[in-house]
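Encoded structure:
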């Protein structure tokens, strides 16, 4: 009898050891989550620029914005697009893109919008209209620098992804584009030397929209905008790898109230809460470029996290029960 009891306790201890090992192994696999671009930082993203930022030329009016948002959301990030303008078919469609504006005019719009919305991530494509209007080409980089310095002063946590100008189908405009791009490249290097949180991405490269991707010699079609989104995304990845992305500043009540009412192309007002409700109703998200539904709001992402946490607790809670069953089974065998 004593021999049987000793054998029982040996087997019971072995059962508990195996169960504990299984639990630890399972927990390790559960916690091995994907590394997010933003490092679990909410992204309050302001697309800033002119008509290309608005999405002119794209079939759905979203331009690069939805493609970029989908890439970020699919990677596990909570994204809130912000700005005074709303256009395109996407749900979260706020931006700061104004048709026909030069760099200095985009700067004027940013002075009103950025302090109220405090984005922690800004994408800038501006300067094409300076080239089209042949407006003080030699001073383009100086105007851009003035805007950049304001953006960092107004929203200190902002990381800025600045792009060179796109290829242009007009030879005279293209000549000016190349000159401005040289200036922007030098500006980007100077900002890097000063440890400013700026990444320069090259939209004029072979990876960016080509002449065949332009609907009118200036604005991309949907394929061209998708190429832009991929380049923006790579720039954001680079900013994240440098540890630049910080949680956005908390908006004051007045700022939240102001930013919730934004203009639409039709002149009506919509609120961010309406947008969130719409996205949540849309099966917890919006469709990505491959047609699959992906998480697209903070609420949806939180629900997903709660579900995962609940699953972990359920599985972890089951391990002691398994150990007890094994121990009792062993007791029955040896008594």
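Numbering (mature numbering (1 follows the signal peptide of the UniProt record, and there is no 0)), first residue to last: -24 to -1, 1 to 311.
For glycine and all other residues, C-beta sits at the position ideal for the given N, C-alpha and C.
Mapping the DSSP letters down to three states, classify residue 25 as helix, strand or coil.
Start at 1 with the first residue of the chain shown, and residue 25 comes out as number 49. Strand.
Roughly how many angstroms separate the alpha carbons of residue 155 and residue 52, rounded to a whole number?
One-based indexing of the chain shown puts residue 155 at position 179. One-based indexing of the chain shown puts residue 52 at position 76. Cα to Cα, residue 155 sits roughly 38 Å from residue 52.
Considering only residues of the same chain and omitting the five flanking positions on each side of residue 123, which have a CB-CB separation below 6 Å?
As a first step, residue 123 is located in the chain shown; it is residue number 147 there, counting from the start. Contacts found: 83.
Could you round the C-beta distance between residue 127 and residue 90 to whole angstroms and report it? I think they count as a contact, below 8 Å.
As a first step, residue 127 is located in the chain shown; it is residue number 151 there, counting from the start. As a first step, residue 90 is located in the chain shown; it is residue number 114 there, counting from the start. Approximately 6 Å separates the beta-carbon atoms of residue 127 and residue 90; this is inside 8 Å, confirming the contact.
Looking only at its own chain, which residues have a Cβ that is under 7 Å from the Cβ of residue 195, when we skip the five neighbours before and after it?
Translated into the one-based positions of the chain shown, residue 195 becomes position 219. Here the set comprises 27, 28, 32 and 33.
Taking the continuous beta strand (DSSP E) assigned at residue 55, which residues delimit it?
The residue you call residue 55 lines up with position 79 of the chain shown. Per DSSP, residue 55 belongs to the beta strand (DSSP E) from 55 to 57.
What is the rounded straight-line gap between the Cα of residue 197 and the Cα of residue 63?
Translated into positions along the chain shown, residue 197 becomes position 221. Translated into positions along the chain shown, residue 63 becomes position 87. Approximately 16 Å between the Cα atoms of the pair.
In whole angstroms, give me the CA-to-CA distance for residue 160 and residue 140.
Start at 1 with the first residue of the chain shown, and residue 160 comes out as number 184. Start at 1 with the first residue of the chain shown, and residue 140 comes out as number 164. Taking the straight line from one Cα to the other gives about 7 Å.
Please state whether DSSP places residue 144 in a helix, a strand or coil.
Position 168 of the chain shown, counted from the first residue, corresponds to residue 144. In the structure shown, residue 144 sits in coil (DSSP, three-state: anything other than H, G, I, E or B).
Compute the beta-carbon to beta-carbon distance between residue 181 and residue 18, rounded to the nearest angstrom, for a pair I have assumed lies under 8 Å.
Within the chain shown, the letter at position 205 stands for residue 181. Within the chain shown, the letter at position 42 stands for residue 18. Wrong, their Cβ atoms sit about 30 Å apart, outside the cutoff.
Rounded to the nearest angstrom, what separates residue 260 and residue 115 at their Cα positions?
As a working mapping, residue 260 is identified with position 284 in the chain shown. As a working mapping, residue 115 is identified with position 139 in the chain shown. Note that residue 260 scores a pLDDT of 35, beneath 50, so its modelled location is shaky; the value from the coordinates is reported in the next line. One C-alpha to the other measures close to 47 Å.
Measure the C-alpha to C-alpha separation of residue 38 and residue 186 and round it to an integer number of angstroms.
In the chain shown, the residue the question calls residue 38 occupies position 62. In the chain shown, the residue the question calls residue 186 occupies position 210. Cα to Cα, residue 38 sits roughly 19 Å from residue 186.
Alpha carbon to alpha carbon, how far is residue 162 from residue 152? Give it in angstroms, no decimals.
Position 176 of the chain shown, counted from the first residue, corresponds to residue 152. Position 186 of the chain shown, counted from the first residue, corresponds to residue 162. When rounded, the distance between both Cα atoms is 16 Å.
What does a CB cutoff of less than 6 Å around residue 220 pick up in its chain, not counting 5 residues either side in sequence?
If you number the chain shown from 1, residue 220 lands on position 244. Around residue 220: 135 and 173.
Less than 9 Å between the C-beta atoms of residue 176 and residue 138, yes or no?
For the purposes of this step, residue 176 is taken as residue 200 along the chain shown, with counting starting at 1. For the purposes of this step, residue 138 is taken as residue 162 along the chain shown, with counting starting at 1. Contact: yes.
Count the other CB atoms within 10 Å of the CB of residue 104; is the residue buried (16 or more) or exposed (fewer)?
Counting from 1 along the chain shown, the entry for residue 104 is found at position 128. Burial of residue 104 is indicated by the presence of at least 16 other C-beta atoms within 10 angstroms of its C-beta.
What do you get for residue 132, buried or exposed, if any count of 16 or more other CB atoms within 10 angstroms of its CB means buried?
Within the chain shown, the letter at position 156 stands for residue 132. Counting Cβ neighbours within 10 Å, residue 132 comes out exposed, since fewer than 16 surround it.
Assuming residue 95 and residue 22 are in contact, meaning their beta carbons sit under 8 Å apart, how far apart are those beta carbons, in whole angstroms?
For the purposes of this step, residue 95 is identified with residue 119 of the chain shown, where counting begins at 1. For the purposes of this step, residue 22 is identified with residue 46 of the chain shown, where counting begins at 1. Right, the Cβ-Cβ distance comes to about 4 Å (below 8 Å), so this counts as a contact.
Within its chain, find whatever has a CB closer than 7 Å to the CB of residue 199; leave out the 5 residues flanking it on each side and keep chain order.
What you label residue 199 is simply residue 223 of the chain shown in a count that begins at 1. Answer for residue 199: 189, listed in chain order.
Could you say which of 41, 142 and 214 lies nearest to residue 65 if we only look at CA atoms?
Mapped onto the chain shown, residue 65 falls at position 89. Here the closest residue by C-alpha is 41.
Of the residues 101, 107, 157 and 93, which one's Cα is nearest the Cα of residue 321?
There is simply no residue 321 to check, as the chain begins at -24 and stops at 311 in what is shown.
In chain order, what residues of the same chain have a beta carbon less than 6 Å from the beta carbon of residue 97, not counting five sequence neighbours either side?
Walking along the chain shown from the start, residue 97 turns up at place 121. Taking residue 97 as the centre and dropping the five residues before and after it, the same chain places the C-beta of 19, 21 and 135 closer than 6 Å to its C-beta, in chain order.
Using a threshold of 9 Å, state whether the C-beta atoms of residue 184 and residue 178 are closer than that.
For this step, residue 184 is matched to residue 208 along the chain shown. For this step, residue 178 is matched to residue 202 along the chain shown. Yes. Within cutoff.
Can you name the start and end residues of the beta strand (DSSP E) that residue 138 belongs to?
For the purposes of this step, residue 138 is taken as the residue at position 162 of the chain shown. 135 to 139 is the span of the beta strand (DSSP E), which, as asked, contains residue 138.
Give the DSSP-derived three-state secondary structure of residue 177 in the structure shown.
Counted from its first residue, the chain shown places residue 177 at position 201. Residue 177 falls in the strand class under three-state DSSP.
For residue 281, which three-state DSSP category applies?
As a working note, residue 281 is residue 305 in the chain shown. For residue 281, the pLDDT reaches just 42, beneath the cut-off of 50, and the residue's location in the model is therefore unreliable, leaving the point undetermined.
By the three-class DSSP mapping on this structure, what secondary structure does residue 78 have?
As a first step, residue 78 is located in the chain shown; it is residue number 102 there, counting from the start. Looking at residue 78 - three-state DSSP - the assignment turns out to be coil, as it is neither helix nor strand.
I'd like to know whether the C-beta atoms of residue 70 and residue 227 end up nearer to each other than 9 Å.
For the purposes of this step, residue 70 is taken as the residue at position 94 of the chain shown. For the purposes of this step, residue 227 is taken as the residue at position 251 of the chain shown. Cβ distance not < 9 Å, so residue 70 and residue 227 don't count as in contact.
Taking the C-alpha atoms as reference points, what is the distance between residue 147 and residue 171?
The residue you call residue 147 lines up with position 171 of the chain shown. The residue you call residue 171 lines up with position 195 of the chain shown. Their backbone Cα atoms lie some 36 Å apart in a straight line.
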